[in-house]
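As they're listed, the protein sequences go chains A and B.
Using the working numbering, read the first sequence as starting at 22 and increasing by one per residue.
Using the working numbering, read the second sequence as starting at 22 and increasing by one per residue.
For every residue, glycine included, the Cβ atom is placed at its ideal position computed from N, Cα and C.
Protein chains: 2
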Amino acid sequence: MGRALRADAERSVRAILEAAEQVLVDDPGASMEQIGERAGLTRTTVHRRFANRKALMDALAISAKQQLADAIEAGNPDSSPPLVALHRVTGNVLRTKNSWRFTLGSPLADTSAAAEIWDRINVRCLDLLARAQRDGLLGPDTDLEWTRQVYYALMSEALQRFPEDKEPDAKTTDTLATLVVDTLLYGASPRT
Amino acid sequence: MGRALRADAERSVRAILEAAEQVLVDDPGASMEQIGERAGLTRTTVHRRFANRKALMDALAISAKQQLADAIEAGNPDSSPPLVALHRVTGNVLRTKNSWRFTLGSPLADTSAAAEIWDRINVRCLDLLARAQRDGLLGPDTDLEWTRQVYYALMSEALQRFPEDKEPDAKTTDTLATLVVDTLLYGASPRT
DNA sequence: AGGAAATGTAACACGAGTGTTTCTCTTATT
DNA sequence: AATAAGAGAAACACTCGTGTTACATTTCCT
Chain A
22 MGRALRADAE RSVRAILEAA EQVLVDDPGA SMEQIGERAG LTRTTVHRRF ANRKALMDAL
82 AISAKQQLAD AIEAGNPDSS PPLVALHRVT GNVLRTKNSW RFTLGSPLAD TSAAAEIWDR
142 INVRCLDLLA RAQRDGLLGP DTDLEWTRQV YYALMSEALQ RFPEDKEPDA KTTDTLATLV
202 VDTLLYGASP RT
Chain B
22 MGRALRADAE RSVRAILEAA EQVLVDDPGA SMEQIGERAG LTRTTVHRRF ANRKALMDAL
82 AISAKQQLAD AIEAGNPDSS PPLVALHRVT GNVLRTKNSW RFTLGSPLAD TSAAAEIWDR
142 INVRCLDLLA RAQRDGLLGP DTDLEWTRQV YYALMSEALQ RFPEDKEPDA KTTDTLATLV
202 VDTLLYGASP RT
């Protein structure tokens, strides 16, 4: 493995990753040149940091999924009551997914490189749901795999209700997290 | 407008549309040549029927969305009890979406050409949900737009549980339709 | 059977993106 | 201040897909 990167190179790497997200979310077929331009760099430099497009995609996937994993950990998913954890984790995930809509949302950015991180995330999520089930929050016969799938889908849908341009405020995030958790648990039927 | 197509040309058009779906679902970036090959035709012929890639995508979108609209109509969404209609429509939609996973599922196939059909579908869906709400199946304060969004998302997720290769049997479809409707209405909480 | 339409084959020009190289200049690191 | 690493500029070759054309052959339609 090569030695450590110099500070400016490190900055370039981050700039490229963020630029890639911003450009690709609008045009999934955008070129390396467009990405470099957005990052304030030349295409040559982009290629210096990432040998080819696939390498860039892999790095994007790993970076974003790691941030997602961190956001989940920050919600203390297994050291607080399931319902509380569910709300907190949902809020954190919504924020992260909103910042990385392309990388975390588009199948085009789903490289196998980040599979291990993704697996860990899935396990964490299933643990939390299992704990919720033990607390009677979920039905004893509920299919947890299906519930997890639905949970992910609900968060993706909720993203469409975020403001496209600016960063969402805490209230918006909280309202949407509540909507997601409520829908996941109780669906659309009348609350008794 | 040009005169009617000859029978063999008509067959080619259908073959190309079906081939496009089959090829693009595996590789969204597939070339016109690959599509033609799958259809048993030459690239030249593909270009004769569809001037450019966009024209093909538009035709794909219109064709598939029309089939979706027909499948929904076939479920009599407004002449039977909401719960029954919801089940029937869900089953029909699942079948159609399964046959047109790329065209109906990928944002890449979302051209503006089929916007009118899509609008009609959305209205039909909202009508059905509103009728369900009047019957007390949905809470009186439920956000119907959100419910529709969730309904679509649930069906997309359920698709992942269809057999990838072969056509699903009636029982599988029915089981999944039930899962979707149950989840939409009641979520994951214990049934009382 | 005759004419029109459709398809196949084989080219061609074109553009766009990729990946690489070389050289010069700038910046970080110690 | 010296040295090594990084970035910019300007090429180059290469691939791949697209869209078009011309001509020969096959297929449908009446």
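message = So Trp121 of chain A contacts chain B; which residues on that side make the cut at Cβ distance below 8 angstroms?
response = Chain B residues near Trp121 of chain A: none, gap ~17 angstroms exceeds 8 angstroms.
For Leu38 of chain A and Ala90 of chain A, believed in contact at Cβ under 8 angstroms, the rounded distance = 16 angstroms between Cβ atoms; not a contact.
Partner residues on chain A for Glu178 of chain B, Cβ-Cβ distance less than 7 angstroms = Gln170, Val171, Ala174
message = What residue range does the alpha helix (DSSP H) around Gly126 of chain A cover?
response = Gly126 of chain A -> alpha helix (DSSP H) spans 122–126.
Neighbouring residues, chain A, relative to Arg212 of chain B (Cβ below 7 angstroms) = Neighbours of Arg212 of chain B on chain A, chain order: Gly160.
task = Quick one: give me the first and last residue of the alpha helix (DSSP H) that Glu166 of chain A is part of.
result = Residues 165–180.
inquiry  = Quick check: Ile56 of chain B and Ala76 of chain B, are their CB atoms within less than 8 angstroms of each other?
reply    = Taking 8 angstroms as the cut-off, the beta carbon of Ile56 of chain B is found no closer than this to the beta carbon of Ala76 of chain B.
request  = Would you mind giving the Cβ-Cβ distance between His226 of chain B and Met78 of chain B, rounded to the nearest angstrom? I have them listed as a contact below 8 angstroms.
outcome  = The structure shown does not extend to residue 226 of chain B, since chain B spans only 22 to 213, so no value can be given for it.
ask   = From Ser33 of chain B to Thr63 of chain B, what does the alpha carbon distance come to, in whole angstroms?
value = 11 angstroms
message = Am I right that Thr213 of chain B and Ala209 of chain A are in contact with their C-beta atoms under 8 angstroms? What's the rounded C-beta distance?
response = Their Cβ separation, rounded to whole angstroms, is 16 angstroms, which puts Thr213 of chain B and Ala209 of chain A out of contact at 8 angstroms.
message = So that I know if they touch, is there some Cβ in chain B lying closer than 8 angstroms to that of Leu26 of chain A?
response = no
request  = Identify, in the order they occur along the chain, each residue of the same chain with its Cβ nearer than 7 angstroms to the Cβ of Leu200 of chain B, setting aside the five sequence neighbours on each side.
outcome  = Ala179
The region 168–186 of chain A contacting the region 170–190 of chain B, beta-carbon criterion three pairs below 8 angstroms = yes
message = If contacts are defined as beta-carbon pairs under 8 angstroms, then Leu159 of chain B and Ala153 of chain B qualify, I think. What distance do you get, rounded to the angstrom?
response = 5 angstroms
query = By how many angstroms is the C-alpha of Ala28 of chain A removed from the C-alpha of Gly112 of chain B?
reply = 57 angstroms
query = What do you get for Thr194 of chain B, buried or exposed, if any count of 16 or more other CB atoms within 10 angstroms of its CB means buried?
reply = buried
query = Any C-beta of chain B sitting closer than 8 angstroms to the C-beta of Leu205 of chain A?
reply = Chain B contact via Cβ: present.
ask   = Taking C-beta to C-beta, are Ile142 of chain A and Ile83 of chain A nearer than 8 angstroms?
value = no
key: DSSP-derived helix/strand/coil call for Lys192 of chain B   = helix
key: Test item: CB-CB of Val104 of chain A and Ala198 of chain A under 8 angstroms   = The sequence shown places Leu at residue 104 of chain A, not Val. For Leu104 of chain A and Ala198 of chain A, no; Cβs fall outside 8 angstroms.
ask   = Can you list the residues of chain B that Thr163 of chain A reaches, using a CB-CB cut of under 7 angstroms?
value = Ala209
request  = Could you check the C-alpha separation between Ala106 of chain A and Leu149 of chain A for me, to the nearest Å?
outcome  = 8 angstroms
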